[in-house]
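First to last, the sequence lines map onto chains A and B.
Note that this note's numbering numbers the first sequence so that position 65 is 113, with each residue one more than the last.
Note that this note's numbering numbers the second sequence so that position 275 is 323, with each residue one more than the last.
For each residue, glycine too, the CB sits at the ideal point set by N, CA and C.
Here is the structure we will look at, set down as structure tokens.
Protein chains: 2
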Amino acid sequence: MLKQTGRYDAFKLKWHPSYSDPPTVYPIPNHQFWDSDVAKWIEGACYLLIDHFDAEIDAAVKELVTMIQGAQHPDGYLNIHYSVVEPGKRFTNLRDMHELYNAGHLIEAALAHHIYYRNFDLLSPILKYVDLLALTLGDGPGQINGYPGHPEIELALLRLYKLSADPKHLQLAQFFIEERGNPKGGAKKRHFYDVEAEARGESEHESPFHYPAPKSYWYQQAHVPIVDQETIEGHSVRAMYLLTAVADLVRIYSPESCTGTKFMPAVQRLWSNMVEKKSYVTGGIGAMKQWEGFGIDYFLPQGTDEGGCYAETCAAIGVMMFAERLLQIDLDSHYADIMELCLYNAVLTGMSLDGKAFTYVNQLASSEKDISQRFEWFECACCPPNVTRTLGFLGGYLWSHMVKGQSAVVNVHLYSAATLKIDTGASNMVINQKTDWPWSGDVDFDIQTEGPAVDLELRLRIPGWAKSWKACITPSPRKLDVRNGYLYLNAEWLQENPQFQLSCPMQPLLVRPNPLTLQPVVYVTRGPIVYCVEDVDHPWEKDHFKKTIFDPSTPLREEVSWICRLGLEELSPILTMSVLESYTTCVSSHTIFGLIEVGMGI
Amino acid sequence: MLKQTGRYDAFKLKWHPSYSDPPTVYPIPNHQFWDSDVAKWIEGACYLLIDHFDAEIDAAVKELVTMIQGAQHPDGYLNIHYSVVEPGKRFTNLRDMHELYNAGHLIEAALAHHIYYRNFDLLSPILKYVDLLALTLGDGPGQINGYPGHPEIELALLRLYKLSADPKHLQLAQFFIEERGNPKGGAKKRHFYDVEAEARGESEHESPFHYPAPKSYWYQQAHVPIVDQETIEGHSVRAMYLLTAVADLVRIYSPESCTGTKFMPAVQRLWSNMVEKKSYVTGGIGAMKQWEGFGIDYFLPQGTDEGGCYAETCAAIGVMMFAERLLQIDLDSHYADIMELCLYNAVLTGMSLDGKAFTYVNQLASSEKDISQRFEWFECACCPPNVTRTLGFLGGYLWSHMVKGQSAVVNVHLYSAATLKIDTGASNMVINQKTDWPWSGDVDFDIQTEGPAVDLELRLRIPGWAKSWKACITPSPRKLDVRNGYLYLNAEWLQENPQFQLSCPMQPLLVRPNPLTLQPVVYVTRGPIVYCVEDVDHPWEKDHFKKTIFDPSTPLREEVSWICRLGLEELSPILTMSVLESYTTCVSSHTIFGLIEVGMGI
């Protein structure tokens with residue numbers, strides 16, 4: 049698709065006919081994100097090459113890297129749009145354009161490239177570009193005192209800093225985070241986006257497409273400084289990328305540091321507001337299509353015909369990123385529960401089984417005017433390559449570990465068939481998970497060590513949805529050490545039990561939304577999966593289940609079926625539910641029923 | 049208030065300091081509607097003077113009329129803003145500015161003035177202004193081929209035509225209605241608002257405040273021609289004023305005429321869409337604050353904290369106007385039911401008992417961040433004088449009549465203590481209603497005739513909410529003649545029963561919204577009144593009844609209490625309801641309850 053659409057060759061800096069198209073989403077040129085599409089693909093490809101070499105993919109990465117090298121200006125600048133379409137206008141519209149967002153994805157691509165190829169072919173030009181950015185942007189004299197409308201570079205710079213340990217990478221990210229939303233920023237002591245818009249000669253009423261009113265800077269989480277933000281607002285992907293970086297900044301300085309204590313309350317407040325009042329049962333976020341983002345508290349319609357349900361794939365990936373950073377600060381299974389929920393129900397749903405069709409929007413309920421479906425590609429193609437790189441980096445979400453001498457700590461956040469190799473220098477340890485998760489809750493662990501014994505602490509997440517669970521360890525300890533939803537297994541036990549099973553039986557559950565959401569529905573879940581009833585399996589259904597009454601008092605019948613699709617055989621439970629009846633549409637919005645029975649009956 | 053704010057003297061055409069204020073609602077200057085505020089006050093004052101002379105009011109009307117006469121340009125033009133603030137720019141922005149809307153209200157004021165004073169002091173200058181408009185606007189060569197963004201002049205011109213019988217008044221209204229939304233209008237064969245905006249040199253992204261996207265002409269019901277509009281959209285007051293005019297146009301030509309058959313299907317379709325899918329239990333319309341208008345089907349939140357509930361007072365007045373026109377085409381009690389619902393629950397609620405405080409927005413439920421309350425005045429003060437003129441014209445909603453020689457037909461749409469005098473030339477007939485409506489459903493009719501007998505047909509609306517009703521007529525007819533919800537009483541019966549009683553017992557009812565609205569509520573009604581529970585009467589309530597569970601299975605207890613407010617003694621029923629319990633807030637948007645009980649239980 050990158051080749052078909054012109055993206056693949058875009059770093060050759062030749063004119064593409066589509067560059068003349070009027071912006072679909074004013075004022076952002078449709079090709080504005082092409083840099084990031086290519087970068088995300090490189091990032092995903094490099095991660096996936098680690099496990100499985102593919103000569104064609106390898107050659108494509110190398111070709112793209114050569115193109116990127118060739119596209120770099122002598123001073124380090126690197127951007128398709130501002131090289132080909134609007135040369136001379138670089139850094140004049142940080143608010144709307146995705147110049148720094150693209151730079152962020154180039155940095156993340158360079159990191160993945162460096163990890164796999166162990167060379168500097170991509171990292172070197174990107175470091176040169178970052179040098180230019182650090183020179184141009186900041187709060188120093190003569191610098192542009194701005195920050196990107198679409199965060200991404202912040203988290204990328206902090207990932208880069210982990211490798212480079214170069215303080216200017218940390219400083220630039222920190223400047224972007226601390227300056228954001230400053231009402232009296234820069235030399236002019238005004239909001240940067242106002243100053244910048246005036247410099248462009250823009251009328252305040254010439255607003256970006258997504259602004260419901262002039263100066264709706266909450267769209268970019270720049271209405272007030274981050275530390276003063278009470279509720280999570282605006283574009284949901286931007287919010288997640290930003291908060292991922294803020295959480296990472298807290299991790300770098302430690303939560304107890306000055307920076308940590310400054311930002312941590314906002315991070316926790318915004319996470320809680322999101323999870324408790326602004327997220328779907330699937331973990332999806334962003335009810336509002338209008339600004340691809342958050343609505344008011346508890347406004348969580350199921351689909352377009354009810355007034356919303358955007359739940360963009362990239363936003364759910366963002367929730368996973370944010371949760372993953374929080375787990376590094378605060379090992380609490382709550383964050384991993386949300387991460388798992390998103391992975392299975394709002395991210396993996398974003399791609400078809402054959403990997404060739406994608407969702408952008410993940411509404412919970414289909415309607416006649418807006419059928420839920422997957423597409424081959426999008427004009428703004430952020431989601432497909434974002435799924436690719438997330439799958440490539442999946443191990444990073446599964447577990448985290450620290451090694452110090454012959455000691456190791458391994459946190460297991462998610463369960464899946466997976467292997468973790470730990471090299472202490474003296475020893476090689478291999479931790480293996482074997483499981484049919486998410487269909488079965490049994491996970492078999494196998495720990496093999498070559499060389500001297502490793503002092504391993506293994507921490508296993510106990511899922512919040514697990515009503516009961518057990519760890520088969522002999523001799524069974526009197527009391528299991530569970531802290532914040534993680535089972536802590538020490539080296540002594542593990543040496544006696546290098547093979548053991550964690551068992552989290554999965555049962556169908558009915559989940560009811562908070563009554564303030566006004567949703568007269570129940571959700572059927574089993575383990576981490578939220579089940580979906582599909583029109584295609586129910587030919588009797590003519591109205592997308594809008595008027596189907598489900599009887600929660602009838603027990604769910606669980607059947608195991610072999611699903612055979614695309615040559616993949618999968619054993620997955622099918623839940624059979626009984627439908628009580630359908631109600632017919634009332635004639636008017638309000639119908640007099642006389643003294644009605646208790647309960648809505650729907 | 050008109051005097052305090054500068055409106056009263058505005059037709060003196062002197063500069064007022066507020067003219068320099070930036071527009072609160074871009075691009076409309078805040079004083080843009082001042083002409084209409086004065087005009088609506090004159091209209092209401094003249095109607096009310098008919099029943100009750102007041103020297104101060106009379107003097108004020110005369111003073112204002114003198115000012116209006118003095119404000120007229122030699123060519124007939126008459127507008128405050130374009131005389132004082134932007135001279136030379138008249139008729140350059142029909143889309144956003146309220147120039148023609150103001151003209152419409154001046155016409156309606158002139159009609160009321162002429163009815164009361166029986167002179168031409170106001171009607172003459174207004175007729176001269178209308179001559180200028182008819183010369184300037186239309187589809188003739190050299191004319192502006194446009195139509196107003198805010199309809200009003202259309203219905204005013206048709207009311208004027210009823211008096212003037214001047215075909216150019218009908219033609220101009222008809223041109224505005226037929227040209228509206230024409231994608232290939234005028235000499236340039238393009239949408240008028242596009243042509244006009246380009247002539248002003250406007251960027252398409254420099255959108256009015258209320259536009260969610262460029263060229264959101266559905267805001268003004270001008271996205272497609274009226275006959276092609278499938279659903280009711282956009283600003284609700286504009287929609288009602290427009291459809292009132294369209295219905296009146298159908299009446300003038302007759303529904304069977306070419307014009308009637310062209311427009312009647314759209315009129316009925318849009319009425320039905322509004323009543324069945326886009327109106328509140330109170331008759332209020334317009335869920336969306338963003339554009340003061342209609343949302344998608346069944347999107348009817350109770351208050352701001354749920355995502356909307358604007359229900360502007362003027363919009364409900366518009367529904368009454370629209371219903372009143374429809375009753376003239378099609379005598380069906382359904383229209384009168386809606387008219388009555390609006391009057392009691394969405395219009396009269398718009399003013400406090402002392403007449404000194406008003407609502408603009410009439411949300412159904414209060415919330416901490418947006419308390420339901422009345423205000424003394426508004427910057428955009430359309431609602432207060434609109435209530436005044438509606439009260440002045442209330443008789444026009446109560447009944448309609450036709451007299452032809454010694455024959456008369458009287459339709460009684462609403463019940464209230466009221467008297468109708470009919471002069472056939474030879475006879476004087478007085479029809480009197482005596483009732484405590486809306487607290488009691490008994491109405492005593494008394495018909496007195498001086499002079500020869502009048503062949504009267506009296507048609508009484510049987511309210512849709514009345515589960516049983518009776519008319520005490522002796523001798524009781526074998527079969528009552530009821531057609532489309534109206535009881536037809538002929539002259540023979542009426543001569544035998546010049547006094548009789550119609551009795552429509554009022555009982556408390558629970559009204560349940562259509563399940564597709566997702567509102568887990570019931571409404572308590574009695575007769576035409578929708579009851580409201582108020583925080584002020586329930587000091588135990590701390591969260592605006594958000595979490596109060598009402599038990600619909602417990603019978604309502606009806607108590608009659610004397611309410612004594614402001615010296616007015618009123619006997620009105622108080623309904624006592626039992627509250628089942630309150631639920632506590634769940635910790636998250638979605639809570640696992642295990643296998644839950646049937647029904648939402650809230």
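Interface residues of chain A facing residue i [CB-CB closer than 8 Å]
i	result
Phe347 (chain B)	Glu354 and Gly355
Pro568 (chain B)	Pro563, Leu566, Pro568 and Met648
Whether residue i touches residue j by CB criterion (7 Å)
i	j	result
Ala158 (chain B)	Ile174 (chain B)	yes
Lys88 (chain B)	Gly124 (chain B)	no
His258 (chain A)	Trp339 (chain A)	yes
Gly197 (chain A)	Asp144 (chain A)	yes
Ile333 (chain A)	Ala363 (chain A)	yes
Gly389 (chain B)	Tyr383 (chain B)	One detail in the question is off: residue 389 (chain B) reads as Leu in this sequence, not Gly. No, these two residues do not count as a Cβ contact at 7 Å.
Leu676 (chain A)	Gln269 (chain A)	One cannot answer for residue 676 (chain A) here, as it falls past the ends of chain A, which runs 49 to 650.
Gly152 (chain A)	Ala213 (chain A)	no
Ser381 (chain B)	Tyr534 (chain B)	yes
Glu202 (chain A)	Ala221 (chain A)	yes
Val315 (chain A)	Val294 (chain A)	yes
Tyr408 (chain A)	Cys431 (chain A)	yes
Ile98 (chain B)	Leu112 (chain B)	no
Ile470 (chain A)	Ala456 (chain A)	yes
Leu564 (chain B)	Tyr241 (chain B)	no
Ile280 (chain B)	Asn321 (chain B)	yes
His253 (chain A)	Tyr74 (chain B)	yes
Leu171 (chain A)	His162 (chain A)	yes
Ala474 (chain B)	Pro500 (chain B)	yes
Interface residues of chain B facing residue i [CB-CB closer than 7 Å]
i	result
Gln219 (chain A)	Going along chain B, no residue has its Cβ under 7 Å from Gln219 (chain A), so there is no contact; the nearest lies around 36 Å.
Within chain B, the residues that residue i reaches when beta carbons sit closer than 9 Å
i	result
Ile344 (chain A)	Thr352, Asp353, Glu354 and Gly355
Integer-rounded CB distance, given that residue j should sit under 8 Å from residue i
i	j	result
Pro561 (chain A)	Val569 (chain A)	7 Å
Trp517 (chain A)	Ser551 (chain A)	6 Å
Val243 (chain A)	His217 (chain A)	Not a contact, Cβ separation roughly 26 Å.
Trp513 (chain A)	Pro600 (chain A)	That pair is no contact at about 17 Å.
Gly341 (chain B)	Ala287 (chain B)	7 Å
His129 (chain A)	Gln80 (chain A)	6 Å
Partners in chain A for residue i, counting only beta-carbon separations shorter than 7 Å
i	result
Gln338 (chain B)	Pro260
Contact list for the region 242-261 of chain A against chain B, Cβ threshold 9 Å: Shown in chain order are the members of the region 242-261 of chain A whose Cβ falls below 9 Å from a Cβ of chain B: Ser251, Glu252, His253, Glu254, Ser255, Pro256, Phe257, Pro260 and Ala261.
Runs of beta strand (DSSP E) lying entirely within the region 500-551 of chain A, each at least 3 residues, in chain order: Considered as a whole, the region 500-551 of chain A harbours 503-509, 518-520, 534-537 and 547-551 as its complete beta strand (DSSP E) runs of no fewer than 3 residues, in chain order.
Residues of the region 304-322 of chain A whose Cβ lies closer than 8 Å to any Cβ of chain B, in chain order: For the region 304-322 of chain A, which is checked against every Cβ of chain B, not one residue is closer than 8 Å.
Selection of the region 482-512 of chain B by Cβ proximity to chain A, strictly under 8 Å: Listed by position along the chain: nothing, the set is empty.
Where the region 70-88 of chain A meets chain B: residues whose CB sits under 9 Å from a CB there: From the region 70-88 of chain A, only Tyr74 and Pro75 have a Cβ closer than 9 Å to chain B.
Inside the region 365-412 of chain B only - alpha helix (DSSP H) runs reaching at least 4 residues: Taken in chain order, the complete alpha helix (DSSP H) segments of 4 or more residues contained in the region 365-412 of chain B are 381-390.
3-residue-minimum beta strand (DSSP E) runs that sit fully inside the region 88-176 of chain B, ordered along the chain: Counting only runs of 3 or more residues that sit fully inside the region 88-176 of chain B, no beta strand (DSSP E) segment turns up.
Continuous beta strand (DSSP E) assignments of at least 3 residues falling wholly in the region 426-484 of chain B: Taking only runs of at least 3 residues, the beta strand (DSSP E) segments lying wholly in the region 426-484 of chain B are 447-452, 455-460, 466-471 and 476-483.
Complete runs of the beta strand (DSSP E) confined to the region 574-602 of chain A [at least 3 residues]: If we require 3 residues or more, the beta strand (DSSP E) runs fully inside the region 574-602 of chain A come out as 596-598.
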